[in-house]
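**Q** Numbering (numbering that gives the first Met the number 0), first residue to last: 0 to 237.
Idealized CB from N, CA, C, for every residue including glycine.
If you're wondering where the values come from, they're calculated on a predicted model, not measured in any experiment.
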Amino acid sequence: MSVPSDKLPRHVAVIMDGNGRWAQHRGEARGFGHRAGVEAARGLMKAAAEYGIEVLTVYAFSQENWQRPGAEVALLMQLFSRALDREVAELHANNLRLRFIGDRSRFEGALTRAMGRAEALTAGNTGMTILIAIGYSGQWELVQAAERCRLAGTPVTVSALAAQLETAGLPDVDLLIRSGGEHRISNFLLWQSAYAELYFTDQLWPDFNREAFDAALHWYAARERRFGGLATPGDSTT
Ligand code: IPE
Ligand code: IPE
Ligand code: MG
């Protein structure tokens with residue numbers, strides 16, 4: 000089923016939640032779910048690019064996720080590193096732009112360098128922008144933006160702050176998807192989601208396939224976005 004292009008979101012952001020439970024339901028360790036989750040993320044990138052989405056942001060690792068047991072964090076970093084090595088050439092060949100948002104200071108040097116190389120390689124591409132939120136926290140991003148304004152002596156206005164965010168220059172989130180059944184934001188893109196349509200599904204992330212993405216896009220296409228205004232400006236009740 001197709002969605003008319005004028006009804007497509009420009010920026011889709013996804014909280015990929017539910018890997019651990021998916022594995023537990025199968026009697027497996029959580030890492031099994033994270034591996035399957037990487038595949039689901041790959042499928043999503045492909046589907047979003049085919050739809051012609053402009054920006055896709057995926058939440059891969061939050062700053063709060065550093066609190067998880069060391070072995071799980073290490074496995075996530077390893078999976079991330081491997082996926083990066085494996086996928087960057089193909090993303091580049093498909094004209095996709097890859098960027099990372101979040102605090103890199105706690106990552107290993109090799110990983111930070113691989114992230115920088117992937118960004119540099121794909122920076123000139125003109126297809127969909129993929130933002131990978133890793134070591135990310137919305138509050139951290141806002142504090143950092145405010146601090147940059149302060150250092151530059153710039154008065155803090157909506158546009159001045161937005162220009163200091165990691166997403167500067169990109170459209171705000173239109174559609175925010177969260178898998179895994181929880182109805183919360185978990186410190187993701189707080190500013191950029193101010194007027195996002197929120198789509199929650201009970202599906203666990205590894206089960207989030209193309210059909211699930213289609214369903215989210217169809218749901219979005221039927222939303223009436225008012226941004227605080229009126230649906231039909233011509234109507235008057237006064
Ligand atoms: C999301 O799945 C992936 C990350 C947060 C890295 P979870 O690991 O949170 O899976 P659940 O929510 O425990 O099932
Ligand atoms: C949100 O999932 C973060 C990512 C998907 C990377 P969590 O599993 O960490 O969120 P909470 O703890 O349920 O809020
Ligand atoms: Mg979770």
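Would you identify the three-state DSSP class for V13, choosing helix, strand or coil?
**A** The count along the sequence shown starts at 1 and reaches residue 13 at position 14. Looking at V13 - three-state DSSP - the assignment turns out to be strand.
**Q** What would DSSP say about G228, mapped onto helix, strand or coil?
**A** Within the sequence shown, residue 228 is the residue found at index 229, counting from 1. Correct three-state label for G228: coil.
**Q** What does the alpha-carbon distance come out to for the pair E165 and E140?
**A** Along the sequence shown, read from residue 1 onward, the residue named residue 165 stands at position 166. Along the sequence shown, read from residue 1 onward, the residue named residue 140 stands at position 141. The alpha-carbon atoms of E165 and E140 are separated by roughly 7 Å.
**Q** Below 6 Å CB to CB, which residues in the same chain sit around L169 once its five sequence neighbours on both sides are set aside?
**A** Walking along the sequence shown from the start, residue 169 turns up at place 170. Closer than 6 Å at Cβ, skipping near neighbours: V54.
**Q** Starting from the C-beta of V87, find all residues in its chain whose C-beta is less than 6 Å away, skip the five residues before and the five after it, and write them out in chain order.
**A** The residue given as residue 87 occupies position 88 in the sequence shown. Counting only Cβ-Cβ distances below 6 Å, and skipping sequence neighbours, we find A117.
**Q** Residues with a Cβ closer than 7 Å to any heavy atom of ligand 1, in chain order?
**A** After applying the 7 Å Cβ criterion, the set is M15, D16, G17, N18, G19, R20, W21, R29, G32, H33, G36, A59, F60, S61, N64, L75, G179, L203, W204.
**Q** Could you spell out the range, first to last residue, of the alpha helix (DSSP H) harbouring F79?
**A** Locating residue 79 in the sequence shown gives position 80, where the first residue counts as 1. Taken as a continuous stretch (DSSP letters only), the alpha helix (DSSP H) holding F79 covers 69-92.
**Q** Cβ of A48 within 8 Å of Cβ of M127?
**A** For this step, residue 48 is matched to residue 49 along the sequence shown. For this step, residue 127 is matched to residue 128 along the sequence shown. Taking 8 Å as the Cβ cut-off, A48 and M127 qualify as a contacting pair.
**Q** Please determine, among I176, Q77, Y219, G115, the residue with the shortest C-alpha to C-alpha distance to F207.
**A** Counted from its first residue, the sequence shown places residue 207 at position 208. Answer by Cα proximity: I176.
**Q** Using DSSP with H/G/I as helix, E/B as strand and the rest coil, what is R96?
**A** Walking along the sequence shown from the start, residue 96 turns up at place 97. Strand at R96.
**Q** Quick check: V172 and A12, are their CB atoms within less than 8 Å of each other?
**A** Taking the sequence shown and counting its residues from 1, the one referred to as residue 172 is at position 173. Taking the sequence shown and counting its residues from 1, the one referred to as residue 12 is at position 13. Result yes, Cβ atoms of V172 and A12 sit closer than 8 Å.
**Q** Is it the case that the Cβ atoms of P205 and A82 are separated by a distance below 8 Å?
**A** Within the sequence shown, residue 205 is the residue found at index 206, counting from 1. Within the sequence shown, residue 82 is the residue found at index 83, counting from 1. Result no, Cβ atoms of P205 and A82 do not sit closer than 8 Å.
**Q** Which of the three DSSP states is assigned to S158 in this structure?
**A** In the sequence shown, counting from the first residue as 1, residue 158 sits at position 159. Of the three classes helix, strand and coil, the one that applies to S158 here is helix, per DSSP.
**Q** Give the single residue among N18, V37, A92, R224 whose Cα lies nearest to the Cα of G180.
**A** Here residue 180 is taken as the residue at index 181 of the sequence shown, counted from 1. Nearest C-alpha to G180: N18.
**Q** Please classify R224: is it buried, with 16 or more other beta-carbons within 10 angstroms of its beta-carbon, or exposed?
**A** Here the question's residue 224 lines up with position 225 in the sequence shown. R224 comes out exposed.
**Q** What distance in whole Å lies between the Cβ atoms of I52 and F99, which are believed to be in contact at a cut-off of 8 Å?
**A** What you label residue 99 is simply residue 100 of the sequence shown in a count that begins at 1. What you label residue 52 is simply residue 53 of the sequence shown in a count that begins at 1. With a Cβ gap of about 18 Å, F99 and I52 do not count as contacting.
**Q** Would you check if the distance between the CB atom of Q138 and the CB atom of N94 is smaller than 8 Å?
**A** The count along the sequence shown starts at 1 and reaches residue 138 at position 139. The count along the sequence shown starts at 1 and reaches residue 94 at position 95. No, these two residues do not count as a Cβ contact at 8 Å.
**Q** Can S192 be considered in contact with ligand 2, in the sense that its beta carbon sits closer than 7 Å to one or more heavy atoms?
**A** Against the sequence shown, residue 192 aligns to sequence position 193. Not so, every heavy atom of ligand 2 lies at least 7 Å from the Cβ.
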